Each structure stands twice: as C-alpha cells, then as structure tokens.
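Below is one structure, written out as structure tokens; the observations come after it.
There are 2 protein chains.
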Amino acid sequence: MPLVTVIGDGQLARMMQQAGIELGLTVRLLAGSGAASAAQATADVWLGEYTDEDVVRAVSEGADAVTFDHEHVPNEYLEGLIADGVNVQPQPSALINAQDKLVMRRRMREMGAPVPPFAEILSVSDGEGFWDATDGAVCLKARRGGYDGKGVWFPESREQTASLVAELLEQGVPLMAEKKVRLVRELSAMVARTPSGEIASWPVVESVQADGICYLAVAPAPAETAGQARVIAQAHTLAREVAEELGVTGVLAVELFEAVDEAGQPEIIVNELAMRPHNTGHWTQDGCVTGQFEQHLRAVLDRPLGSTALSSTTTVMANILGDPDADPAMPMAERMDEVWRRFPTAKIHLYGKEWRPRRKIGHVNMSLPCGAAATAENVEKLRISARLASDFLVTATWKDQ
Amino acid sequence: MPLVTVIGDGQLARMMQQAGIELGLTVRLLAGSGAASAAQATADVWLGEYTDEDVVRAVSEGADAVTFDHEHVPNEYLEGLIADGVNVQPQPSALINAQDKLVMRRRMREMGAPVPPFAEILSVSDGEGFWDATDGAVCLKARRGGYDGKGVWFPESREQTASLVAELLEQGVPLMAEKKVRLVRELSAMVARTPSGEIASWPVVESVQADGICYLAVAPAPAETAGQARVIAQAHTLAREVAEELGVTGVLAVELFEAVDEAGQPEIIVNELAMRPHNTGHWTQDGCVTGQFEQHLRAVLDRPLGSTALSSTTTVMANILGDPDADPAMPMAERMDEVWRRFPTAKIHLYGKEWRPRRKIGHVNMSLPCGAAATAENVEKLRISARLASDFLVTATWKDQ
Numbered sequence: 001m002p003l004v005t006v007i008g009d010g011q012l013a014r015m016m017q018q019a020g021i022e023l024g025l026t027v028r029l030l031a032g033s034g035a036a037s038a039a040q041a042t043a044d045v046w047l048g049e050y051t052d053e054d055v056v057r058a059v060s061e062g063a064d065a066v067t068f069d070h071e072h073v074p075n076e077y078l079e080g081l082i083a084d085g086v087n088v089q090p091q092p093s094a095l096i097n098a099q100d101k102l103v104m105r106r107r108m109r110e111m112g113a114p115v116p117p118f119a120e121i122l123s124v125s126d127g128e129g130f131w132d133a134t135d136g137a138v139c140l141k142a143r144r145g146g147y148d149g150k151g152v153w154f155p156e157s158r159e160q161t162a163s164l165v166a167e168l169l170e171q172g173v174p175l176m177a178e179k180k181v182r183l184v185r186e187l188s189a190m191v192a193r194t195p196s197g198e199i200a201s202w203p204v205v206e207s208v209q210a211d212g213i214c215y216l217a218v219a220p221a222p223a224e225t226a227g228q229a230r231v232i233a234q235a236h237t238l239a240r241e242v243a244e245e246l247g248v249t250g251v252l253a254v255e256l257f258e259a260v261d262e263a264g265q266p267e268i269i270v271n272e273l274a275m276r277p278h279n280t281g282h283w284t285q286d287g288c289v290t291g292q293f294e295q296h297l298r299a300v301l302d303r304p305l306g307s308t309a310l311s312s313t314t315t316v317m318a319n320i321l322g323d324p325d326a327d328p329a330m331p332m333a334e335r336m337d338e339v340w341r342r343f344p345t346a347k348i349h350l351y352g353k354e355w356r357p358r359r360k361i362g363h364v365n366m367s368l369p370c371g372a373a374a375t376a377e378n379v380e381k382l383r384i385s386a387r388l389a390s391d392f393l394v395t396a397t398w399k400d401q
Numbered sequence: 001m002p003l004v005t006v007i008g009d010g011q012l013a014r015m016m017q018q019a020g021i022e023l024g025l026t027v028r029l030l031a032g033s034g035a036a037s038a039a040q041a042t043a044d045v046w047l048g049e050y051t052d053e054d055v056v057r058a059v060s061e062g063a064d065a066v067t068f069d070h071e072h073v074p075n076e077y078l079e080g081l082i083a084d085g086v087n088v089q090p091q092p093s094a095l096i097n098a099q100d101k102l103v104m105r106r107r108m109r110e111m112g113a114p115v116p117p118f119a120e121i122l123s124v125s126d127g128e129g130f131w132d133a134t135d136g137a138v139c140l141k142a143r144r145g146g147y148d149g150k151g152v153w154f155p156e157s158r159e160q161t162a163s164l165v166a167e168l169l170e171q172g173v174p175l176m177a178e179k180k181v182r183l184v185r186e187l188s189a190m191v192a193r194t195p196s197g198e199i200a201s202w203p204v205v206e207s208v209q210a211d212g213i214c215y216l217a218v219a220p221a222p223a224e225t226a227g228q229a230r231v232i233a234q235a236h237t238l239a240r241e242v243a244e245e246l247g248v249t250g251v252l253a254v255e256l257f258e259a260v261d262e263a264g265q266p267e268i269i270v271n272e273l274a275m276r277p278h279n280t281g282h283w284t285q286d287g288c289v290t291g292q293f294e295q296h297l298r299a300v301l302d303r304p305l306g307s308t309a310l311s312s313t314t315t316v317m318a319n320i321l322g323d324p325d326a327d328p329a330m331p332m333a334e335r336m337d338e339v340w341r342r343f344p345t346a347k348i349h350l351y352g353k354e355w356r357p358r359r360k361i362g363h364v365n366m367s368l369p370c371g372a373a374a375t376a377e378n379v380e381k382l383r384i385s386a387r388l389a390s391d392f393l394v395t396a397t398w399k400d401q
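Residue numbers (UniProt numbering), protein chains in the order written: chain A, 1 to 401; chain B, 1 to 401.
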C-alpha cells in the first residue's frame with residue numbers, strides 16, 4: 001500500500017492522517033515536535049525541521065508522494081527532490097502562486113481571472129502613486145507569509161501609506177498593493193486535481209470572516225439573487241480553470257471576494273490561493289461523500305477522485321478559536337458535553353492544541369437532517385446553531401441565554 | 001482531554017483510534033505487535049499480551065476508561081482493575097453474556113427475550129436427549145470462543161451428535177445445544193449505552209452471511225411485509241432492553257435470527273451478543289450522523305451520545321474477505337482504483353491486514369444519494385453495487401462482466 005510523506009504537523013496533517021487510516025495508507029509525518037497536533041495522532045512520525053534540506057530529503061525517501069500541510073517548504077528543496085525523481089505534489093511551479101501574492105496576481109491577470117487593480121510596491125513613491133491611482137482605496141500586502149489577517153494593512157491616508165511602506169521596506173518585507181473592493185461577502189471555491197488531470201469540484205461555500213480569520217463556512221453558499229447565483233457559478237468554473245492553468249495537484253482553494261461592481265452588480269475577485277486542504281473545506285468531512293483530506297491524499301497519489309456529492313443539503317462549519325482573553329475554567333471535554341447535550345448532531349473536531357488567543361483549536365460541523373430542504377429558514381437556524389455551539393466551545397457560555 | 005485505553009489491536013481498535021482523533025482523545029493501545037492493524041495507525045502503542053495481568057494493569061493506569069476490541073481479556077483481571085478503581089467499560093458482569101453462550105441464553109430466557117429451546121450438554125446422553133427432544137433440529141455450540149461460524153456444528157444424525165459430543169467433551173470444549181431455527185434472514189440491532197444509562201439506538205440492519213461470516217449489511221433492514229416491520233420494531237426495542245437489563249456500556253450488538261414460527265409468521269430469536277463495535281455497524285461510519293466507533297468512545301467515557309439519525313435513506317456495507325484460494329496478482333491499491341473509477345461514491349475502509357483466506361481485510365460502504373428514497377429498486381441496485389465493489393476488491397474481477 002502507498003506511503004505518503006506529509007511535511008507539516010498541524011491540524012491539516014492530523015486530518016490527513018485520519019483520512020489515511022481508512023484508505024490503508026501509511027502517512028509519514030515530518031513534525032517539528034512530538035506534541036504537535038498531527039504527531040499526537042500518527043504512528044510514523046519523524047522529528048525535524050522542514051527548513052533543513054537533509055531532513056526533508058530523508059523523510060521523502062521511499063514515499064509514493066510527498067505533500068504538505070503548509071506552503072513554507074523552500075521551493076529549491078522541492079526542485080532538488082523532483083530532480084532526484086521524488087513525486088512532490090503539488091509542484092513548486094504551482095505552489096509559487098500560493099506563496100507569492102504578486103506572482104499569483106500577475107498569473108491570474110494573464111489568464112483573465114478577475115483581480116483588482118494591483119501593483120508591486122518597491123518604494124514610497126510607488127505607494128503614494130497607488131494611493132493616488134485608487135483614490136485612497138489601498139490594501140497593502142506582504143507578498144509572502146501573510147495569513148489569517150496577518151500581513152495585510154489598510155492605510156487611512158496618503159501619509160500613512162508612505163510611512164507604512166517606508167517602515168515595511170526597511171524591515172525587508174516585499175510588498176504589493178491592490179485596490180480595496182466593495183466587499184459583500186467572501187466565497188471559497190475548492191477543487192481537487194490529480195497529476196493526470198482529473199478534477200473534482202465541491203460546491204462553492206460562503207466564508208464568514210472576523211478580524212481576518214474564517215469563523216463560519218456555509219456549504220453550499222446561499223444565492224439570494226440571480227446575480228449571486230451567477231457569480232457562484234463563475235467561481236465554480238474559475239476554480240477548475242485555475243487548477244488546470246497552474247497545474248495544481250491535490251486540493252486547491254480559491255478564496256474569493258464577492259463584491260459589487262460600478263454598476264451595482266455582483267462580481268467576484270480572486271483573493272488568495274491555497275494548495276492543500278483548507279479551512280473553508282472542513283465541512284466536507286461531514287457534509288459530502290468524499291472529504292477534502294481523503295481527496296487530497298487520492299489526488300497527490302494520482303488515484304481516482306471520489307464523489308463530491310452532498311450528503312446533506314447544507315452543512316455549516318464553525319471554527320473553534322481560542323478566546324481572545326483567557327481560556328474558560330470549564331475543561332474542553334465538559335464544554336463538548338454541554339454542546340452535545342444541546343445539539344446531538346454537532347460533529348466536533350479537535351486538533352489537540354492548547355489554548356492561545358484566537359488560535360484555531362478545532363471546528364464544529366452541523367448539517368441539515370437527511371431529506372430537509374435548504375430553505376433560507378433552515379439554513380439560518382443551522383448557522384445560528386453552529387455559532388452557538390462553537391461560541392460555547394470557546395467561552396463556555398451560551399450566547400443566547 | 002480524556003485518555004482511553006483499548007485492549008486489542010484489530011480493526012475495531014484501529015477504527016476507534018480514527019474516531020478518537022477528531023474527538024481530541026488519546027487512544028492508548030495494548031497491541032500484540034507493532035504491525036497489528038490498530039498499531040499501524042496509533043501513536044500511543046504499548047506492546048504486550050492481554051493474557052498477562054501485569055501488562056493489562058500497567059496499560060490501564062491513568063486511563064479515564066478501559067475498553068476492548070474483543071471479549072477475551074480474562075474477567076478476573078478486569079475485576080481486579082475495578083477493585084482498584086479503574087473505570088472498565090463494559091464491565092465483566094455484562095461481558096460474561098458476550099463470552100459464554102449458555103450464560104447468555106439463560107439470561108435472555110429469564111428476561112423474556114426470544115430464544116430457541118436450548119440445553120447445557122455435559123454428556124453424550126445429553127446430546128442424544130436433545131436430538132430426540134428437537135426431532136433432530138440440533139445446533140451444537142462451544143459455549144465460549146466461537147465466531148464467524150467457528151465453534152458451531154449441525155450434526156446430521158443421532159449417531160453423529162453422539163460422536164461429536166464425545167469428541168468435543170474429550171477435548172475439554174464446554175458445550176450447549178439449541179434448536180435450529182427456520183431461518184429467513186439475520187438481523188442486527190445495535191445500541192450504545194452509557195454508565196449513566198443514556199441509550200442511543202441505530203436502525204436495525206439486515207445482515208447477510210455466507211459460511212458463517214457476515215458479508216453484507218443493509219441499513220435499515222428492508223421490511224417487505226407488515227410482519228417483518230413488526231419484528232424489526234421488536235428487535236429495535238429488544239436491543240435497548242438487553243442493554244439495560246445486562247447493564248451493558250459502550251456499543252452492544254444483538255445479532256438476531258428472523259425466522260418463521262409454527263404458524264408461518266415472522267419471529268425473531270436472539271443469536272449472539274457482542275459488547276463492542278460490531279461488523280454489522282460499520283455502515284454507521286458513512287450512513288449516519290454518529291458512527292459506532294465515536295459512539296463507543298463517548299459511551300465508555302460516560303459522555304453524551306451523538307445523534308444516530310441517518311444521513312442517507314439506505315447504506316449497504318460489504319465486507320472485503322480474503323479470497324479463499326489466493327490473493328490476486330493485482331495490488332490492492334489498483335483494485336481500489338478500479339472500484340473508485342466505476343463507483344465514485346464507494347467508501348473503502350481497509351484494515352492494514354495481509355491477505356489470508358476469508359480474513360476480514362476491509363469493508364466498503366455505499367449510500368443512496370442525498371434525497372433518494374429507499375425504494376426496493378434503489379436498495380437492490382445499491383446491494384448489487386456494494387457486492388460488485390467488494391467482490392472486485394477480493395478477486396480483481398467484475399462479477400457482472
């Protein structure tokens with residue numbers, strides 16, 4: 001049976017291991033610590049740093065596929081592995097688009113994908129020029145390494161733009177800027193693609209953010225108007241096109257803004273790409289036939305992909321984010337019990353992580369019952385239930401009581 | 001977070017580990033070998049024999065619950081652990097009914113559960129007497145240790161009964177006999193019960209056997225007549241009553257015969273009890289909200305039980321049993337790929353076990369699509385598909401081609 005090496009030890013690797021068990025695969029983990037989320041749950045754990053090329057090379061030896069739970073392995077290591085015949089998926093030529101936002105923006109524009117006006121920012125005058133060109137609608141971004149709202153700034157004046165750019169360039173942060181959009185909501189379009197080119201898509205989901213961190217995903221994304229239905233269909237097609245155009249293998253998440261154009265019509269704009277299982281795909285574990293972790297493993301091994309048919313007309317995923325102030329005195333296991341008493345259908349997924357403020361420590365999936373239609377009322381109730389459940393898991397209090 | 005010690009290293013322990021990952025539990029395993037099914041997939045593996053009391057005691061230390069993937073741990077060890085304050089679930093007082101068929105039969109009769117005429121067989125004349133009393137409808141059973149058709153005999157004459165009894169008693173096998181039933185089909189009724197007394201039931205399933213080994217389970221069991229609907233409802237109630245009467249904790253499977261009584265009406269008869277996740281409950285992994293492995297962990301920890309609502313109107317589970325003759329040349333991974341190409345909704349679960357004739361090495365679950373009704377036609381198609389898939393996984397050939 002195949003061996004898959006996963007570089008990375010977070011919850012994504014943990015859930016790949018969980019999916020690998022039933023496929024009869026061996027998932028070998030490169031973990032920074034035996035206490036890491038994925039290492040707790042894996043038999044074949046190698047301890048070491050992904051920044052050490054010798055370690056990456058050793059853990060990859062004999063693997064039928066090498067894949068990742070993050071985008072931070074240096075591409076030159078991966079190029080070296082590929083040159084030696086190791087099956088690395090996804091490949092650096094695709095991964096670069098999930099690592100460097102400017103490279104991605106240029107590539108998206110080339111392929112005709114909807115992107116906001118953007119520019120590389122190499123100097124203070126570049127920043128000022130972008131401020132002028134967008135009439136002050138500036139979103140400044142670190143080209144690399146940002147996530148969960150980090151590495152993104154919204155300067156409020158021309159002067160602030162100039163000083164922020166000066167400061168960041170001084171720190172050696174490569175920068176780009178793009179025009180702020182008139183955001184309605186965020187969407188996420190996910191697909192899996194094999195090296196042979198087979199593609200399977202999940203329905204587009206609505207992703208609700210707070211302070212730059214996803215806290216709710218509603219699958220499929222509700223369409224309240226014909227315009228919304230149109231942009232959802234566009235997003236669905238776009239994710240396939242991006243996967244093909246960039247040669248992505250494994251799971252791809254295209255994070256999108258649903259915005260309003262000059263004429264007041266809904267439009268979509270590509271925000272970010274991720275080439276691995278993604279937070280906005282956690283609902284697939286309980287809401288459709290083939291979850292993203294199983295699909296990722298199948299895809300990187302170039303095996304046939306599973307059905308992405310829904311097993312419920314709507315599933316809502318709510319993140320469990322460490323309380324910003326302090327972890328409640330009630331132990332997590334008791335909080336889970338309270339949630340299960342109130343919501344016996346709540347599927348709680350924990351990552352084996354200690355509390356830290358706003359850290360992702362788990363998620364809850366809740367689905368409409370078999371046969372229930374995804375009416376606005378049913379979906380709204382489900383959103384409320386999932387939020388109540390995750391809020392309780394975070395704070396040990398019911399927000400509606 | 002809680003620690004559960006599982007004594008046993010087979011596929012049931014493996015799938016408990018898989019379920020434990022998402023609950024954030026530590027599942028500690030007592031395994032006979034590091035290559036065992038469950039050990040391959042578990043981080044916290046202790047190697048040792050469950051027949052060694054010191055080993056059982058050591059691995060149980062500090063556990064919030066101690067449970068099993070088989071019934072073979074000597075009850076005196078468990079009594080010792082309980083005396084020392086260890087939380088053993090299920091307890092030996094219940095387990096004895098899953099270990100000793102004569103004890104179970106007597107207990108079932110006491111509580112008014114439907115059992116066939118039976119007797120303890122201590123001598124050849126007991127055997128001959130039972131032959132006479134049942135007019136030759138004799139099923140001879142080893143009181144302990146039989147499974148998958150082992151430890152069960154159907155003598156064809158009074159003389160054969162006598163010689164078989166003599167031989168088995170000579171070998172030191174404790175025996176009982178019961179009257180053969182006019183079998184229509186087998187059913188399985190499963191529940192989970194917590195030490196506090198909370199009970200959750202799954203729908204009763206039809207279990208199809210060949211040579212004493214389950215190879216198909218259809219959930220829920222189809223009822224073609226009002227009489228069948230009545231006995232299915234009886235079976236459903238009976239499983240709850242057995243769990244309560246015997247004080248079972250964790251998952252209980254009540255294996256039943258659906259037979260025809262003297263008046264030609266359907267009736268049910270208790271066949272066996274199992275106090276752990278059970279082969280006829282594997283469909284719950286993909287066919288309802290809370291699978292049996294998650295539910296077992298929750299139950300033995302006395303935590304609230306999850307919803308057993310169906311996520312599909314029918315799910316069929318087909319076992320992958322090692323081919324009786326030889327393992328096909330095509331590697332298992334390729335067989336899986338072929339099955340996935342033909343049936344993208346097939347959920348394949350492998351146990352990491354090498355081929356042996358008729359060994360359980362995995363199973364396949366297939367469910368009706370979201371919203372599809374469980375019509376006789378749809379269910380029949382699903383049965384055929386699941387059988388084709390599992391037959392291919394066993395033999396590398398499509399039985400319909």
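We put the CB at the ideal spot given by N, CA and C, even for glycine.
A quick note: this is a predicted structure, and the numbers were derived from the prediction, not measured.
- The beta carbon of A/F392 lies closer than 7 Å to those of R335, E338, V339 and W398 in the same chain, with the five residues before and after it left out.
- Cα atoms of B/K347 and B/N365: separation of roughly 5 Å, rounded to the nearest angstrom.
- For the segment 30-95 of chain B, the continuous beta strand (DSSP E) assignments of 3+ residues that do not extend past its boundaries occur at 44-47 and 65-68, in sequence order.
- Within the segment 323-341 of chain B, contact with chain A at the beta-carbon level (separation under 7 Å) is assigned to M332, A333, D337, W340 and R341.
- Here A/W355 is exposed. Its C-beta has fewer than 16 other C-beta atoms within 10 Å.
- In its chain, beyond the 5 residues on either side, L187, V204, P220, A221 and A223 have a beta carbon closer than 8 Å to the beta carbon of B/I232.
- A/A239 is the residue among A/G264, A/P304, A/S307 and A/A239 whose C-alpha sits nearest the C-alpha of A/M275.
- Judged by beta-carbon spacing, A/R185 lies beyond the 7 Å limit of A/A259, meaning their Cβ atoms are not closer than that value.
- Chain-order list of chain A residues neighbouring B/I348: E22, L23 and G24, by C-beta distance under 9 Å.
- A/Q292 sits close to A/V251, with the two beta carbons spaced by under 7 Å.
- In the structure shown, A/K381 falls within a helical segment according to DSSP collapsed to helix, strand and coil.
- When secondary structure is reduced to three states using DSSP, B/H236 falls in the helix class.
- When 7 Å is used as the limit between beta carbons, A/G371 is near these residues of chain B: G371, in chain order.
- The beta carbon of B/L12 sits closer than 7 Å to the beta carbons of D69, R276 and P277 from its chain, once the five residues preceding and following it are set aside; these are given in chain order.
- The C-beta distance from A/Q91 to A/I82 rounds to 7 Å, short enough to fall under 8 Å.
- Rounded to whole angstroms, the separation of the alpha carbons of B/Q160 and B/R109 is 28 Å.
- If you compare the alpha carbons of A/V4, A/N279 and A/T134 with that of A/I361, the shortest gap goes to A/N279.
- Taking B/F130 as the centre and dropping the five residues before and after it, the same chain places the C-beta of A119, I121, V138, T161 and A177 closer than 8 Å to its C-beta, in chain order.
- In chain order, R28, V59, S60, A63 and V66 place their CB closer than 6 Å to the CB of B/T5, counting only its own chain and leaving out the 5 sequence neighbours on each side.
- Our two residues, A/H296 and A/D302, have alpha carbons roughly 10 Å apart in a direct line.
- With a minimum length of 4 residues, the unbroken runs of alpha helix (DSSP H) contained wholly in the segment 89-172 of chain A fall at 92-99, 101-110, 124-133 and 158-170.
- Three or more pairs of CB atoms, one per stretch, sit closer than 8 Å, so the segment 303-314 of chain B contacts the segment 371-385 of chain B.
- By the criterion of a C-beta distance shorter than 7 Å, B/V115 is surrounded in its chain by R105, M108, R109, I269 and V270, once the five residues flanking it on both sides are discounted.
- The three-state secondary structure of B/S196, taken from DSSP, is coil.
- Rounded to whole angstroms, the gap between the alpha carbons of A/L216 and B/R341 is 33 Å.
- When CB distances to chain A are screened at a threshold of 7 Å, the residues of the segment 1-16 of chain B falling below it are M1, P2 and R14, in chain order.
- When the five nearest sequence neighbours on each side are left out, the beta carbons in the same chain lying within less than 8 Å of the beta carbon of B/P117 are those of A133, T134, E178 and K179, in order along the chain.
- When Cβ-Cβ separations below 7 Å define contact, B/G306 makes contact with chain A.
- Judged by beta-carbon spacing, B/M317 lies beyond the 7 Å limit of A/A333, meaning their Cβ atoms are not closer than that value.
- Fully enclosed beta strand (DSSP E) runs of no fewer than 3 residues occupy 315-321, 347-350 and 360-367 of the segment 306-391 of chain A, in order along the chain.
- Of the candidates A/E156, A/L169 and A/G112, the residue whose Cα lies closest to the Cα of A/D126 is A/L169.
- Chain order gives the chain B residues near A/Q40 as T26 and A43, where near means a beta carbon separation below 8 Å.
- If you draw a 10 Å sphere on the C-beta of A/S367, you find 16 or more other C-beta atoms in it, and that means buried.
- Straight across, the Cα-Cα distance linking A/R158 with A/V86 is about 49 Å.
- At a cut-off of 7 Å between beta carbons, B/L310 contacts chain A.
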